[in-house]
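Just so we're aligned: the sequence shown equals residues -3 to 100 in the numbering used here.
Where is the CB? At the ideal position from N, CA and C, for every residue including glycine.
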Amino acid sequence: MSALRALRLVGFLEGLSFLVLLGVAMPLKYLFELPIAVRIVGSAHGLLFLLFVGALIRVASERDWPHRRSLAALVASLVPFGTFVLDRALKREIEGDTQAAGDG
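Written out as structure tokens, the structure reads:
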């Protein structure tokens, strides 16, 4: 799997875990006094966030991304639904690579 595809996958999972944390686990904690939900989902989200940052560093290094683009990708992971917006840009980049490889 290419670094870019790995970033897309980890970004999707990280974004999904963030939404579950905010939309399911947090309400369970504060409305139904079930803090275990935040502990479990929060731990999974934290691990996925670290994997996302690692994948982002790898892609930025391999593809010589400008610092501004790397920072924008990092910020996307901090905003709900941000990684899904980032995913569309990454998909276009992969499709561009595929077309360029087909032309060569």
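Just to confirm before moving on: does the CB-CB distance between residue i and residue j stay below 7 angstroms?
| i | j | result |
| --- | --- | --- |
| Arg65 | Ala(-1) | no |
| Ala33 | Ala21 | yes |
| Ala69 | Leu46 | no |
I'd like the span of the alpha helix (DSSP H) that includes residue i, first residue to last.
| i | result |
| --- | --- |
| Ser39 | Ile32 to Glu58 |
| Gly11 | Ala(-1) to Val16 |
| Ala21 | No alpha helix (DSSP H) contains Ala21, which DSSP labels as neither H nor E. |
| Asp73 | One point to set straight first is that residue 73 is Ser, not Asp, in the sequence displayed. Premise fails: Ser73 is in no alpha helix (DSSP H) and is neither H nor E. |
| Phe80 | Gly78 to Asp99 |
Buried or exposed, going by whether 16 or more other CB atoms sit within 10 Å of the CB of residue i?
| i | result |
| --- | --- |
| His41 | buried |
| Phe77 | exposed |
| Arg4 | buried |
Return the Cβ separation of residue i and residue j in integer angstroms, given the expectation that the two are a contact with Cβ distance under 8 angstroms.
| i | j | result |
| --- | --- | --- |
| Ala72 | Leu86 | With a Cβ gap of about 10 angstroms, Ala72 and Leu86 do not count as contacting. |
| Gly11 | Thr79 | 3 angstroms |
| Leu24 | Gly38 | About 12 angstroms; that fails the 8 angstroms criterion. |
| Val6 | Leu44 | 7 angstroms |
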